[in-house]
Structures are given as structure tokens and as C-alpha cells.
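Undergrad:
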Amino acid sequence: MDGRAKQPSSVHSSPTRAGNLFADYNPHSPSKTLPFGSALNTSPSLPEFTAVKLQSNSDVQGLVKRFEHLDVRDRDAETRKRHEAELRRARIAREEAESDARKLKEEAEQLRAELGESRERERRVAERLETMMEEHASEKAQLASQVGVYEKEVRKYRKEALKSSSAVIKLQEDIKSMRSKLQIANSGLDVEKEKVQRREEDTFSAQYKLAALQEEVEKLRAYVKIADEEKEALKKNLREEEVARIAAEGKIALPEEEDVDMQRLSDKENGGTVSKKTTTEIKTLKDDLLKEQMLREHLEEMVEFLTLECRFQCCSCRGSQRTTEKAAGETAINNTHEAEPDPQTPPESPRHRFVRTTTTTTTIPMHFTPVTKPTAVDFTPSAVEDAENIAPAGSFDREAALEAIKYRRDRARSFATGHLTPRKQMLVGVKERRDVSAPALGEKRGSALNRTPGRGTLG
2 MDGRAKQPSS VHSSPTRAGN LFADYNPHSP SKTLPFGSAL NTSPSLPEFT
52 AVKLQSNSDV QGLVKRFEHL DVRDRDAETR KRHEAELRRA RIAREEAESD
102 ARKLKEEAEQ LRAELGESRE RERRVAERLE TMMEEHASEK AQLASQVGVY
152 EKEVRKYRKE ALKSSSAVIK LQEDIKSMRS KLQIANSGLD VEKEKVQRRE
202 EDTFSAQYKL AALQEEVEKL RAYVKIADEE KEALKKNLRE EEVARIAAEG
252 KIALPEEEDV DMQRLSDKEN GGTVSKKTTT EIKTLKDDLL KEQMLREHLE
302 EMVEFLTLEC RFQCCSCRGS QRTTEKAAGE TAINNTHEAE PDPQTPPESP
352 RHRFVRTTTT TTTIPMHFTP VTKPTAVDFT PSAVEDAENI APAGSFDREA
402 ALEAIKYRRD RARSFATGHL TPRKQMLVGV KERRDVSAPA LGEKRGSALN
452 RTPGRGTLG
């Protein structure tokens, strides 16, 4: 208990004086007095008057403490109270320490649990880190392989890009050449359009000219047809007169087929010889007929020749047209070569001109009359005189005369039906015209010798 009184167990207890109040007082100790006297050994409460003492703060405090404990007290009671207080304080301190220990234990348990959880988390994180490292290593290896593949693909695509760039340059050159060719073709097309337009105009004018010529030919053919009819009538009259003369001299009966011929012959049975006037008229008509036939043949040959020239495109109008087209084409080509396209700027597409041509076609049907060649007639003066004074013929065979008349009638019918010369099968739609390439019967004129044996026919 003395030890506890000397040193308090609790830090919360107030400071107290453990020993006697005058424990530090020693009356035998030398006191600091003045040199001329000594201190009085009297009551400590009495001041020292004989000496002057140098006081400090510690001496003043010691004196204050002394005077505070001057009262007389029960030392045991005070000690007991003090001990009880200290005991209470110790219990309180123990309780506080126990509560602090419990708190510390709880905190330690909590910290242990947190430590376990943290270790578990650390283990999980370590496992996750290991898996992530493995995945990272595998992904790194995969990335390295993919980088190699990608580098190969990049090199491949670069090569393809170089090839495509060279191909693009080549295509650009081809496009440039094709544009120049297209420009030349467009200029040529314009020239051809102009040529076609001129050809259509020339064809239209030629058609009009041909229509006019055909009208003239039709007029001439009508005139020639009339002349042929007159010639046939004249021939028929001559035959009738000859038959009448033969019948009058030989007194033969005429065939019953021709009643009109019988009437004409009956009117001229007693006519005697042919008069000189009739013979002159016959001669004049024959001359006119021969001239008309020659003119008709000449015109037909000219029409055939012009038609063949137009068909084979070798006429004079075609020659002038070719010269004009050739000059226009050369001019267009020269202009195209002079105007080369700029490689930096794309060539402009030429403006196309729209040409609208209205063509009116006039169709004129062509009807050809069969050509009948004139019979060979002797127009010498002696022959004319003999014709004027026709002497009676000698005896003749009646059967032969009838056969001759029948032959002449059949021949005239063949002339009318167009079976004298064979018709070419290639002529379709032309029925009234005989083949001009076939020789005519009885043709003895010198102009026939100068013709070509095979002339083309009108289609």
C-alpha cells in the first residue's frame, strides 16, 4: 500500500504530496545568511530577520505547499480514502482496459477476417492475373502471326495496287485514243450524213428526171405503138390485096375463118393492079414507120444504158458526187488531225446534228410494148416500078398458098401473144415487153451490127 501511495497507479489521479510536509526541511542545513549574522533556529513560520535570503520561484512554491498542509488531519483516514479512490480509479481503468481489450479483440477479429478476405481476393487476383497473362501471351503470339499475315496481305495489295495503277494508266491512254477515234468517227459520221443527204437529194432529183424521161418514153412508146398499129394495118391490107389478087388470078376460094377479109377481097377482086398513088403512100408510110422504129429502139437503148449506169453507180452524177465526197472526207480528216485533243483536259463530245430528210417517191408504172421489127422491103426504083406494075404471077399450087396464109396468120398471133422469142423468167411484173436481147426477125439494118449481143434488161 505504501508503494501505491508513493506512485499513483492511474494517470487520471491528481498530484498529492506523499511524505511529510516538513520532509524537505532540515534545520541543521546551513542557510544562506548575511555575512554579519546567522539565522535563528526558531519556528519555520517565523521570518528570518537577521539575514537577507535570495528567494526563487521554487522556494516560493515550496513555502506555498507548506502553508497549504498546515492543517492537522487524520493520516490513516486520508490514506484509506486515497487508497479507495485509487482502487476505484484502478477498477475503472481495468474496466476501461477490458473494454479496450474487447474492442481490440473485435478489431483484431475483424482485421483477421478482412485479412482472410484480402488474401482470398489476392489469391483470386493472382489466379486472374495468371489467366490474363496466359491469355495475353496467347493473344500476343496470335497477334504476331496475324501481323505476319497482314504484312503479306499488305505487300500483296501493294503489288496489286501497282498493277492496277499501271492498268489505269494504260486504260487512260486507251480512253484517250478511243476518244480521238470517236471524234474522228463522229466527224466521219457527219460527213457520211452529209453524203447521204446529198445522195438523197441527187436520188430525188434523178427520180424526178427519170419520171420525166419515163413520161417522154411513154409518149414515144404510145407514138410507136400507133405507128406499129398503122404498120400492121398496112401489112394486113397488103396481104389482103395480095390474097385478093391471087384469088382473082387463080380463082381460089378464101378460107371461111375471116369473113372481113372475104368482104375486103370481094371489094377488090376487080380492082386490077395497084395504083401508083397507093404505092407511093405505102412507101411513105413505110419510111415513117422505119424512122419511128429506129427512134424507138434508140430511145429504149438509151434508157437501158442510163438505167444500167445508175444501177452500177457509174453515171456522171455519181462521179461528181464521189469527187465532192472525197474532197469533203479529206477536209474532215485534215481538220481532225490538226485538232488533237489536249491530254490534260478531257475532249468535249461533238455536237450531233440531227438531219431530217423527207423523201417523196413517185412510182410510175412502166409498160413496154412488144418490139416488132420491120419487114425487109426493097425501096429501090426498080422495085417501086415493079410494085406499080404488078404482073400476074404464073400458076401456083393452091394448097401451098393456103398453107402460106395459115402460117402468116399463126405468125401474127404469135406476135400478138409475145411467143415469137422466149421470155426470161427473171423479169417479174413485166409481161408486155419482150426480151430485147433476142434478135428480131428480118432485121437487116447496119446499126444492129454495132450493138452488143447481151444487153441488160430493165428490172
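In terms of this note's numbering, the sequence shown opens at residue 2 and continues consecutively.
All C-beta atoms, glycine included, are put in the ideal place defined by N, C-alpha and C.
Here the structure is a predicted model, which is why all the values come from computation and not from measurement.
If the criterion is Cβ atoms closer than 7 Å, does the pair Glu293 and Val225 meet it?
TA: Contact flag set, yes.
Undergrad: Here's the rule: buried if 16 or more other CB atoms are within 10 angstroms of the residue's CB, otherwise exposed. What is Glu135?
TA: By the 10 Å Cβ count, Glu135 comes out exposed.
Undergrad: Grouping DSSP H, G and I as helix and E and B as strand, with all else coil, what is Gln111?
TA: Here Gln111 sits in helix by DSSP.
Undergrad: Alpha carbon to alpha carbon, what distance is there between Lys210 and Arg200?
TA: Cα-Cα distance, rounded: 15 Å.
Undergrad: Excluding the 5 residues flanking Leu286 on each side, which residues of the same chain have their C-beta closer than 8 Å to its C-beta?
TA: Excluding sequence neighbours, Leu286 sits near Glu231, Lys232 and Leu235.
Undergrad: Where are the alpha helix (DSSP H) runs, 4 residues long or more, that stay fully inside the stretch 165-252, in chain order?
TA: Fully enclosed alpha helix (DSSP H) runs of 4 or longer: not present.
Undergrad: How many Å lie between Arg240 and Glu298 at the Cα?
TA: About 26 Å.
Undergrad: What does the alpha-carbon distance come out to for the pair Val412 and Ala405?
TA: According to the sequence provided, residue 412 is Arg. The question's Val does not apply to it. Answer to the nearest angstrom: the Cα atoms are 10 Å apart.
Undergrad: Grouping DSSP H, G and I as helix and E and B as strand, with all else coil, what is Ala62?
TA: Looking at the sequence itself, residue 62 is Gln, so the reference to Ala does not match. Note: Gln62 maps to helix in three-state DSSP.
Undergrad: Return yes when the Cβ of Leu300 is within less than 7 Å of the Cβ of Leu221, no when it is not.
TA: Yes.
Undergrad: When we look at the beta-carbon of Ala470 and count the other beta-carbons within 10 Å, is it buried (16 or more) or exposed?
TA: Given a span of 2 to 460 for the chain in the structure shown, any question on residue 470 remains unanswerable.
Undergrad: Can you tell me the Cβ-Cβ gap for Leu290 and Ala228, rounded? I've got them flagged as a contact below 8 Å.
TA: Contact flag correct, Cβ pair sits at about 5 Å.
Undergrad: Can you have a look at Arg129 and say buried or exposed, based on whether 16 or more other CB atoms are within 10 angstroms of its CB?
TA: The residue is exposed, with fewer than 16 neighbouring Cβ atoms inside 10 Å.
Undergrad: Note down the Cα distance separating Lys284 from Asn238, rounded to an integer number of angstroms.
TA: One C-alpha to the other measures close to 14 Å.
Undergrad: Measuring straight from C-alpha to C-alpha, what distance separates Leu64 and Arg90?
TA: Each residue's alpha carbon lies about 30 Å from the other.
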